[in-house]
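K.L.:
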Amino acid sequence: MIRQILVSILLTYVQFCSPFFCCASIIKTIALNGGHNVVVSADGTGDYKTIQKAIDSAPKHCGEPYRIYVKNGDYNEVITVPIEKRFIHLIGQDKQQTRVHFMLNVQSLPKPDSKWYQTDTAAWEFSVHNPKAAVYRYPGAVVSIYGDDFYAENISFINDWGLERQSGPQALAIRIQADRVAFSGCIFRSFQDTWMTSTRKPNDRLYVYNCWIEGAVDYFYGGGNAYVEHCTLYNVRSGSVIVAPSHKEETKWGYVFKYCTIDGNTAAADGKVKLGRPWHDQPKAVFLYTRMNIPVAKEGWTDMGGIPKIFADYKSIDVSGNAIGTDNRKTRFKNSNNEMGVSKAILTDAEAASYTYDTVIVGNDQWNPRKFICTKPQVWK
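The opening residue of the sequence shown carries number 1 in the UniProt record's numbering; numbering runs sequentially from there.
#1: Expressed to the nearest angstrom, what Euclidean distance is found between the alpha-carbon atoms of residue 57 and residue 310?
#2: Quick one: grab the DSSP three-state call for residue 172.
#3: Within a Cβ cutoff of 8 Å, which residues of the same chain sit near residue 196, ignoring the five residues on either side of it in sequence?
#4: Going by beta carbon distance, what residues of the same chain come within less than 7 Å of residue 324, once the five residues before and after it are set aside?
#5: Is it right to say residue 170 is buried, meaning 16 or more other beta carbons lie within 10 angstroms of its own, or is it exposed?
#6: So residue 54 and residue 38 are in contact, right, with Cβ under 8 Å, and what is the actual spacing, rounded?
#7: How would you call residue 60, buried or exposed, if buried means at least 16 neighbouring beta carbons within 10 angstroms?
#8: For residue 298, which residues in the same chain have their Cβ closer than 7 Å to its Cβ, ignoring the five residues on either side in sequence?
#9: Quick one: any contact between the stretch 123-130 and the stretch 143-153, if contact means 3 or more CB pairs under 8 Å?
#10: Could you tell me whether the stretch 260-271 touches the stretch 226-243, where touching means 3 or more Cβ pairs closer than 8 Å?
#11: Just verifying my parser: in three-state terms, what is the DSSP assignment at residue 161?
#12: Going straight from the alpha carbon of residue 257 to that of residue 355, what length do you get?
#13: Which runs of the beta strand (DSSP E) at least 3 residues long sit entirely within the stretch 122-148? Give them in chain order.
#14: Using the C-alpha atoms, what's the distance from residue 102 back to residue 90?
#15: Of all the options 52, 62 and 70, which has the alpha carbon lying nearest to the alpha carbon of residue 35?
#16: Let me see if you follow: with CB-CB separation under 8 Å, is residue 81 close to chain D or not?
#17: Would you identify the three-state DSSP class for residue 277, choosing helix, strand or coil?
#18: Run the CB neighbour count on residue 274, radius 10 Å, all protein chains shown included, and call it buried at 16 or more, exposed below.
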């Protein structure tokens, strides 16, 4: 009886977790006392040995969180959250030791006359387009999310091709085509196109807190409104390009990075890293209060397929805390049709202040993913 009461109290606490209280340890206690729906353990001590099997077990069209506790382990699998599986919550035991990973890429058939033929041939062995590959017709990402209201915490998501080979082609760790998706305390690692955000609807929302996002080429790209705060963007080569957004005219906010850190390895610290480039349409991306531990190219941005609506950074500082000037930031862009356009590169104080959690994320439906997060700063900014 006492145990049931304690479990009930813990469940209630997790559902309404105070934004001013750290309850990371309580998650582990809940997992041990039945507060989860199912447990995944690679060693067979849980309800399932794979995360995909646990997702498959979840009810369809759920209206409340279905909590899947994932114990430390090596999960070498491809995961898909289908559109009918809403409110899937994956809670890892430890982000360094709970690893979801797989080796795949989307290399097209190599061309013998290409200067990249040898590299492309090596990638072809692990391509989802290769009829002879073990991953033929697999999804083009290690994790694909189509169900709304997804949440994950304390898990590493890794594309082994990108991480181990440190080269292209596209090798997604995660792809999202859903609204109201959130992550906290997670690690995302690949090389090219690590993370694709939702292009399903112009204003699908993504919230990312306290995560590590690693790559080299357009490693955070796509559409929708993304609010990314207190995260590290880690670059792994010279000339890395962080974001490549593609936003429709009706997308309200685009990409918002707030209180994030831009860092990288020695190769990336040569002053050639770019904040981003416009993939298609009218992209929007702002970096607010960014700490740049490695130098970023003075122009900040570069050309691609579209003309950005706004590409700006505001009150960026270097590794020593000194303000970084933005006078040389790129404002004129050429798209794939050789058309020229001008982008906004400077934010006023009032404009910068408009990019808040409430305006970008909460919305008319009052979505508040912060209530699910159990490791929080004492004061939200």
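We put the beta carbon where it would ideally sit given N, CA and C, even for glycine.
P.N.:
In terms of the structure at hand:
#1: Between residue 57 and residue 310, the C-alpha separation is close to 43 Å.
#2: In the three-state scheme derived from DSSP, where H, G and I count as helix and E and B as strand, residue 172 is classed as strand.
#3: The beta carbon of residue 196 is closer than 8 Å to those of 141, 172, 174, 175, 176, 221 and 222 in its chain, skipping five residues each way along the sequence.
#4: For residue 324, where only same-chain residues beyond five positions count, the Cβ hits under 7 Å are 292, 316, 317 and 318.
#5: So residue 170 ends up on the buried side.
#6: A Cβ-Cβ distance of about 5 Å is found for the pair residue 54 and residue 38, placing them in contact under the 8 Å criterion.
#7: Residue 60 comes out exposed.
#8: If we look at residue 298 and ignore the five residues flanking it on each side, its Cβ neighbours are 328.
#9: As far as the Cβ criterion goes, the stretch 123-130 does not touch the stretch 143-153, which means the pair count is below three.
#10: Yes, since at least three Cβ pairs between the stretch 260-271 and the stretch 226-243 fall closer than 8 Å, the two stretches touch.
#11: In the three-state DSSP reduction, residue 161 falls in the helix class (H, G or I).
#12: Near 9 Å, if we compare the C-alpha coordinates of residue 355 and residue 257.
#13: As far as the stretch 122-148 is concerned, its whole beta strand (DSSP E) runs of at least 3 residues are 141-145.
#14: About 18 Å.
#15: The residue with the shortest Cα to Cα distance from residue 35 is 70.
#16: Within the model displayed, chain D is absent; a lone protein chain is all it includes.
#17: In the structure shown, residue 277 adopts coil according to DSSP, grouped into three states.
#18: Burial state of residue 274 is buried, judged by a 10 Å Cβ sphere holding 16 or more other Cβ atoms.
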